[in-house]
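Chemist:
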Amino acid sequence: MKILLCVAFFILSICSSFAASNLSDNIRIHSNVLNYDLQYRVYTPDGTSPSDQLPTIYVTDGQWYIAQGEMTQLMDKLIAEGKMEPVVAIFIDNRNPDDLEQNRRNQQFFCNEDYVKFFVFELMGVIESNYPVSKDREDHVIQGLSFGGFNAACFGLMAYDKFAGISMHSPANTRFLKLLQKEYRGSEKLPLKMFLSFGDESDNLIEGRRFRKTLKELDYDVNYKEVKYGHNWQNWKPLLDDALLTFFAIEVTD
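Note that my numbering gives residue 1483 to position 105 of the sequence shown, counting from 1, and the numbers run on in steps of one.
(1) Going by other Cβ atoms of all chains shown within 10 Å of its Cβ, with 16 needed for buried, is F1499 buried or exposed?
(2) For P1428, count the other beta carbons within 10 Å of its own beta carbon; 16 or more makes it buried, fewer makes it exposed. Which is it?
(3) Determine the DSSP secondary structure at L1416, reduced to helix, strand or coil.
(4) Does the distance from the CB of N1613 to the CB of G1577 come in under 7 Å?
(5) The beta strand (DSSP E) with Q1521 in it runs from where to where?
(6) Using the beta-carbon count (16 or more within 10 Å), is N1529 buried or exposed?
(7) Cα separation between S1402 and L1535?
(8) Taking 7 Å as the threshold (C-beta atoms), are F1525 and R1483 in contact?
(9) Let me know the alpha helix (DSSP H) ranges lying completely inside the region 1438 to 1487, each 4 residues or longer, listed in chain order.
(10) Please name the residue or residues paired with V1600 in a DSSP beta bridge.
(11) If you reduce the DSSP assignment to three classes, tell me which class V1385 lands in.
(12) Starting from the C-beta of Y1443, find all residues in its chain whose C-beta is less than 7 Å away, skip the five residues before and the five after it, and write them out in chain order.
(13) Rank I1405, K1594, I1544, E1459 by C-alpha distance to the C-alpha of E1629 and give the top, closest one.
(14) State the Cα-Cα distance for the pair T1552 and K1591, rounded to the nearest angstrom.
(15) Less than 6 Å between C-beta atoms, sequence neighbours within five positions excluded: which residues of the same chain meet that for P1549?
(16) If distances are taken between C-alpha atoms only, which option among F1533, Y1538, Y1493 comes closest to D1514?
(17) Of all Cβ atoms in chain D, is any one closer than 7 Å to the Cβ of F1625?
(18) Starting from I1405, trace the beta strand (DSSP E) in both directions and tell me its first and last residue.
(19) Thinking C-beta only, is D1454 closer than 7 Å to S1399?
(20) Straight-line CA distance for E1463 to T1624?
(21) Quick one: give me the first and last residue of the beta strand (DSSP E) that G1543 is part of.
(22) If we ignore side chains and look at the alpha-carbon of each, how far apart do S1507 and E1579 end up?
(23) If you count every other CB in all the chains shown that lies within 10 Å of the CB of L1593, and 16 or more means buried, which is it?
(24) Taking the alpha carbon of F1533 as the reference point, which residue from L1570, K1560, I1505 has its own alpha carbon closest?
(25) Run through DSSP, which three-state label would A1530 get?
(26) Kindly indicate which residue of I1405, A1542, T1422 has the alpha-carbon position closest to the one of P1475.
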């Protein structure tokens, strides 16, 4: 019996170290800019204090990063292990909250000026008023996958005064990657740090390498990763820790 109790206590102590964070239910917000309602969920790490000034990561396609990516569990683990600083994550749902079959990402994610304004003038203000987060652009990251990765690149161009970190998993397709290369080459170098990843050739790898080359030629700080999988969660999920630690790693000193 003593052995069983010890084992149970050991398992409980391990689980509790990764389970003390909070993921809110869906929160509804009306956008005057977009003229419709959206929903999002907020992750706050264990031990969050009202006096904190925590960095934030805004995640488009948020419902997928939570379900398929299991990103909140990963954040719990990285924070508990002392590898990552505590971070508030805002997971924005791309669907109509009144009809989850209606996906709005095709109208939101392609350098949509109104979608950028929704973040900058509406959503970020609500988050900063209700959670102990930093208002410093250096502490703000935007992340997305596929078309959402393209959206993150758009934010780099259109909202760099608010976001210093741009996290892109398999952004867009060949056509839009060529457009990104053109747009970044046509802009002055911006104060951005980036994470960029691609899978195999079915994941636009060839054009992705050209995009990386463009960014490196422009002297951007880019953490670039390639994996052998396609345009799917076999590709993206194992790279979530690389993305998070690109922006929020705790430096280990001897």
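We put the CB at the ideal spot given by N, CA and C, even for glycine.
Modeler: Straight from the coordinates:
(1) The residue labelled residue 1499 in the question sits at position 121 within the sequence shown. Burial call: exposed.
(2) Taking the sequence shown and counting its residues from 1, one reaches residue 1428 at position 50. By the neighbour-count rule (16 or more Cβ atoms within 10 Å), P1428 is not buried but exposed.
(3) Locating residue 1416 in the sequence shown gives position 38, counting from the first residue. In the structure shown, L1416 sits in a strand (DSSP, three-state: E or B).
(4) Locating residue 1613 in the sequence shown gives position 235, counting from the first residue. Locating residue 1577 in the sequence shown gives position 199, counting from the first residue. Yes, these two residues count as a Cβ contact at 7 Å.
(5) If you number the sequence shown from 1, residue 1521 lands on position 143. Boundaries of the beta strand (DSSP E) around Q1521: 1518 to 1523.
(6) Along the sequence shown, one-based indexing puts residue 1529 at 151. Around the Cβ of N1529, a 10 Å sphere holds 16 or more other Cβ atoms; the residue is buried.
(7) Indexing the sequence shown from 1 puts residue 1402 at position 24. Indexing the sequence shown from 1 puts residue 1535 at position 157. Cα atoms of S1402 and L1535: separation of roughly 30 Å, rounded to the nearest angstrom.
(8) Taking the first residue of the sequence shown as 1, we reach residue 1483 at position 105. Taking the first residue of the sequence shown as 1, we reach residue 1525 at position 147. If you check the CB distance, R1483 and F1525 come in under 7 Å.
(9) Those alpha helix (DSSP H) runs which fall completely within the region 1438 to 1487 and span 4+ residues are 1440 to 1445, 1449 to 1458, 1483 to 1486.
(10) In the sequence shown, residue 1600 corresponds to position 222, counting from 1. Answer is M1572.
(11) Within the sequence shown, residue 1385 is the residue found at index 7, counting from 1. Note that V1385 scores 39 on pLDDT, short of 50, meaning its location in the model is unreliable; the coordinates nonetheless yield the value given after this. It is helical.
(12) Position 65 of the sequence shown, counting from 1, holds the residue named residue 1443. Correct list, in chain order: V1437, M1449, F1469.
(13) In the sequence shown, residue 1629 corresponds to position 251, counting from 1. It is E1459.
(14) Residue numbering aside, residue 1552 sits at position 174 when the sequence shown is read from its first letter. Residue numbering aside, residue 1591 sits at position 213 when the sequence shown is read from its first letter. One Cα belongs to T1552, the other to K1591, and the distance between them is close to 15 Å.
(15) Along the sequence shown, read from residue 1 onward, the residue named residue 1549 stands at position 171. If you ignore the 5 residues before and after P1549, its C-beta comes within less than 6 Å of the C-beta of G1527, F1528, A1531, all in its own chain and listed in chain order.
(16) Counting from 1 along the sequence shown, the entry for residue 1514 is found at position 136. Closest in C-alpha terms to D1514, from the list F1533, Y1538, Y1493, comes Y1538.
(17) Among the chains in the structure shown there is no chain D, since it carries only a single protein chain.
(18) On the sequence shown, residue 1405 is found 27 positions in, with the first residue counted as 1. I1405: member of the beta strand (DSSP E) spanning 1405 to 1409, first to last residue.
(19) In the sequence shown, the residue the question calls residue 1399 occupies position 21. In the sequence shown, the residue the question calls residue 1454 occupies position 76. Pairing S1399 with D1454 gives a Cβ-Cβ distance under 7 Å.
(20) Residue numbering aside, residue 1463 sits at position 85 when the sequence shown is read from its first letter. Residue numbering aside, residue 1624 sits at position 246 when the sequence shown is read from its first letter. If you take the alpha carbons of E1463 and T1624, they lie about 11 Å apart.
(21) As a position in the sequence shown, residue 1543 is number 165, starting the count at 1. Segment 1543 to 1547, the beta strand (DSSP E) holding G1543.
(22) For the purposes of this step, residue 1507 is taken as the residue at position 129 of the sequence shown. For the purposes of this step, residue 1579 is taken as the residue at position 201 of the sequence shown. Those two C-alpha atoms are separated by around 44 Å.
(23) For the purposes of this step, residue 1593 is identified with residue 215 of the sequence shown, where counting begins at 1. With 16 or more Cβ atoms within 10 Å of its Cβ, L1593 is classed as buried.
(24) Working through the sequence shown from its first residue, we reach residue 1533 at position 155. Of the residues L1570, K1560, I1505, the one whose Cα lies closest to the Cα of F1533 is L1570.
(25) For the purposes of this step, residue 1530 is taken as the residue at position 152 of the sequence shown. The three-state secondary structure of A1530, taken from DSSP, is helix.
(26) Here residue 1475 refers to the residue found at position 97 when the sequence shown is read from its first residue. Of I1405, A1542, T1422, the residue nearest in Cα terms is I1405.
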